[in-house]
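The structure appears below as structure tokens.
2 protein chains.
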Amino acid sequence: MSHEIRILTETQLRATLDLDLPLIDRVETAFAALARGGVVMPPVLSMHLPQVNGEVDVKTAWVPGLEGFALKVSPGFFDNPTLGLSSLNGLMVLLSASTGLVQAVFLDNGYLTDLRTAAAGAVAARHLAPEVRVCGIMGTGVQARLQARAAYLVRPYRHCLVWGRDPEKARACAADIARATGARAQATHDPEALVRRSQLVITTTPSTQPILRAEWLHPGLHITAMGSDQAGKAELEPEAVARADLYVCDRVSQCETMGELRAARAAGLMADEPPELGQVILGEVAGRRSAEEVTICDLTGTGVQDTAIATYALEATGGAGTLIET
Amino acid sequence: MSHEIRILTETQLRATLDLDLPLIDRVETAFAALARGGVVMPPVLSMHLPQVNGEVDVKTAWVPGLEGFALKVSPGFFDNPTLGLSSLNGLMVLLSASTGLVQAVFLDNGYLTDLRTAAAGAVAARHLAPEVRVCGIMGTGVQARLQARAAYLVRPYRHCLVWGRDPEKARACAADIARATGARAQATHDPEALVRRSQLVITTTPSTQPILRAEWLHPGLHITAMGSDQAGKAELEPEAVARADLYVCDRVSQCETMGELRAARAAGLMADEPPELGQVILGEVAGRRSAEEVTICDLTGTGVQDTAIATYALEATGGAGTLIET
């Protein structure tokens, strides 16, 4: 029996989908489903290609109650910029959750990943951040901008501080954030001052050495660390993770191998099993209990987010794209 | 920088690609590359979905010297026939081996997998089977037919015997094989007679219990067992595997978890590391050394076959399909 498959390009997806509250809500629902059980989410398939300075990650998750499930292919080929190409590319395939038939192929070059990753930051801030006057962003890339926008949707801050190793890039990033949110935004050369002045800090770097020190923590701070997504990366000093009143993982099994929990455990800290974001969303674990607490959320990126964004994208794009009869 | 992605459907692929010697040669070359080293082939990502009686396997392999590498998504949803749908579906994505950019998406519903699986059977027969007058096929499905055709291309037998649990299906399968090859083909109800009369036996069933007994082995026999591709399946009695003069895996790490080697090891047999098909192709390990030997090849299906068929398909289909600018 033939059926139709919808093909959507990055351009078509960008024309319809943007970071907004309905999208964030869908990602939140997916995290709740993950905590509720019944989700099938295999370990990430990771392929390392040192011959071509590349890597490929494949993520997927089947979520009860959703009509489709996504399988995402994320190649990163880090010599591409010398050819004028982006390092990150890839696509998502949406399959029927009941028949396995391919429903759609999103040739998104990572755009849907960008959105679902930023949305997870908003979900973390919604459940864990205190009232936010100052939001600190560490890093100056695509996620620095998107995380600042996502945070603003759930914690409309007045002021944004941006730190990066390259002051020029930090200034450009701050200008973009100011334009996108309407908040005042400025670059800073001092990461310590950024953390001390902020109620919400989001780390978005690929750093392999801690960029945020434990001694900078202060009452009434929430940190979302979303840069580390591989063994070998780490943004927070292990003592910072241990010192927080509440440390929450997107998925413990991922954070202990490729998130901040990995380095903390390697330092002999954090022996207990931490809670997951979905448990906080469901109320099984208390989120922030007072304005003074220090909370941390460790995001490594999960297949349920991909399934959430892909099913959302198919609905939101309506009749757009190319239909292939197969 | 935008680039073009070619989308090809099953219909378009069937119109161009069929099982032939050039295709078999490409799969053979891929096995040789696997033995030569430098191939990156992560373990299969396997997703079990008991809620919907389904499963999804993802395979991939990066092969030195090839311009692309495939990532294959194979869903099997076994309640589909009640809806008039095929159980097996899926697609292959071909990515550039140097930049990771998506080059093509083959919406093949498993057709390319069928071809590359049959081709591996031909490669095994070419290097391991003696002269073949009678070819025995166990099983009556798509692979029964394709394996018989593939074997005929490298060992043009005069007679084909087909055994299956359902005599009606065995007769239909034999008729199809006779039509496709020109050989005489007939169904038999007696698997023992089939094995005793054949110089080449190919087992193509999803059986979880041995269908081929060790006592049926005889001098001058080659067996290719390609049905088992999951823990829990097995077609050969473990003693048959142990009794062969030469037992060859497509990939040892796969055969010991989902091929015939798994059950043989569980029975306390086959403690040594067996050779792989690519080593035989390269001449690192001797294949058949006399007309009297008993040889067995255990095929579980590898990512290098997918990469071989996908790169071949992109070349062979020329300008066919739909071009998507992204």
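Chains as they are written, first to last, in UniProt numbering: chain A, 1 to 326; chain B, 1 to 326.
Glycine residues also receive a C-beta, built at the ideal position from the N, C-alpha and C atoms.
query = DSSP state of V154(A), grouped into three classes?
reply = helix
request  = Rank N53(A), V44(A) and V105(A) by C-alpha distance to the C-alpha of L8(B) and give the top, closest one.
outcome  = V105(A)
key: Between the CA atoms of R6(B) and F78(A) - distance to the nearest angstrom   = 24 Å
request  = Using alpha carbons as the reference points, say which of F69(B), T99(B) and G84(B) lies closest to G83(A).
outcome  = For the sequence presented, residue 83(A) should be read as Leu rather than Gly. Comparing Cα-Cα distances from L83(A) to each of F69(B), T99(B) and G84(B), the minimum goes to T99(B).
request  = For the region 7-26 of chain A, enumerate the residues whose C-beta is nearer than 8 Å to any C-beta of chain B, in chain order.
outcome  = I7, T9, E10 and T11
ask   = What span of residues does the beta strand (DSSP E) with K233(B) cover, start to end?
value = No beta strand (DSSP E) holds K233(B); DSSP gives it neither H nor E.
message = When you compare the region 262-273 of chain B with the region 301-316 of chain B, are there three or more beta-carbon pairs, one atom per stretch, that lie closer than 8 Å?
response = no
request  = Determine the closest residue to A178(A) out of R149(A), K169(A) and S2(A), with distance taken between C-alpha atoms.
outcome  = The candidate whose alpha carbon is nearest that of A178(A) is R149(A).
message = Whether or not the region 150-164 of chain A and the region 183-202 of chain A are in contact is what I'm after, with contact meaning three or more pairs of Cβ atoms, one per stretch, closer than 8 Å; do they touch?
response = yes
key: Neighbourhood of G278(A) by C-beta, 8 Å cutoff - its chain only, sequence neighbours within 5 removed   = F31, A32, A33, L34, A35 and R36
ask   = Taking the Cβ atom as the reference point for each residue, do D158(B) and R184(B) lie within a distance shorter than 8 Å?
value = As written in the sequence, residue 158(B) is Arg, which differs from the Asp given in the question. Contact flag set, yes.
message = Can you give me the C-alpha to C-alpha distance between N109(A) and V27(A), rounded to a whole angstrom?
response = 20 Å
key: Neighbour list for I324(A) in chain B, Cβ cutoff strictly below 7 Å   = I7, T9, L107 and T322
message = Quick check: is the beta carbon of W163(A) nearer than 8 Å to any beta carbon in chain C?
response = Looking at the structure shown, chain C is missing, and the protein chains on hand are A and B.
6 Å Cβ shell around Q186(B) - same chain, five flanking residues per side excluded = A174
key: Between the CA atoms of K169(A) and T181(A) - distance to the nearest angstrom   = 18 Å
key: Where F78(B) falls: helix, strand or coil (DSSP)   = coil
key: S290(A), buried or exposed, once every other Cβ within 10 Å from all chains shown has been counted against 16   = exposed
query = Within 10 angstroms of its Cβ, does N53(A) collect 16 or more other Cβ (buried), or is it exposed?
reply = exposed
message = Using only CA atoms, which one of R14(B), V102(B) and M47(B) lies nearest to L115(B)?
response = R14(B)
For D250(B), the nearest candidate out of L85(B), L128(B), T16(B) and A97(B) (CA to CA) = For the residues L85(B), L128(B), T16(B) and A97(B), the minimum Cα distance to D250(B) belongs to L128(B).
query = Any beta-carbon of chain B closer than 8 Å to the one on A154(A)?
reply = Strictly speaking, residue 154(A) in this sequence is Val, with Ala absent from that position. For V154(A), the answer is no, since every Cβ of chain B falls outside 8 Å of its Cβ.
inquiry  = Using the Cβ count rule (16 or more neighbours within 10 Å means buried), how would you classify L246(A)?
reply    = buried
key: Delimiting residues of the alpha helix (DSSP H) encompassing A185(A)   = No alpha helix (DSSP H) contains A185(A), which is instead part of the beta strand (DSSP E) from R184 to A187.
Any C-beta of chain B under 8 Å from that of residue 352(A) = In the structure displayed, chain A extends from 1 to 326; residue 352(A) sits before or after that span and is not available.
inquiry  = Just to confirm the assignment: which complete beta strand (DSSP E) runs, minimum length 3, are found wholly within the region 77-141 of chain A?
reply    = 91-96, 102-107 and 134-138
task = State the DSSP-derived secondary structure class of A225(B), mapped to helix, strand or coil.
result = Residue state, collapsed to three classes: strand.
task = Measure from the C-beta of H48(A) to each C-beta in chain B and report whether the shortest distance is under 8 Å.
result = yes
Per-residue DSSP class, three states only, for G37(A) = coil
key: CA-to-CA distance, S86(A) to T188(A), given in whole angstroms   = 27 Å
request  = Verify the CB distance criterion: does T300(B) have a CB-CB separation below 8 Å to chain A?
outcome  = With 8 Å as the cut-off, T300(B) does not count as an interface residue toward chain A.
request  = Could you work out which residues of chain B lie near W62(A), taking near to mean beta carbons separated by less than 9 Å?
outcome  = Neighbours of W62(A) on chain B, chain order: M47, L49, Q51, V52, G54 and V56.
Cβ contact check for the region 284-302 of chain B and the region 221-230 of chain B: 3 or more pairs under 8 Å = yes
task = Under 7 Å Cβ to Cβ from G139(A), same chain only, skipping five residues before and after it: list those, please.
result = These residues qualify, in order along the chain: G164, T203, T204, T205 and G227.
request  = Report the three-state DSSP secondary structure of R6(A) (helix, strand or coil).
outcome  = strand
key: Whole-angstrom distance between L236(B) and L217(B), CA atom to CA atom   = Approximately 11 Å between the Cα atoms of the pair.
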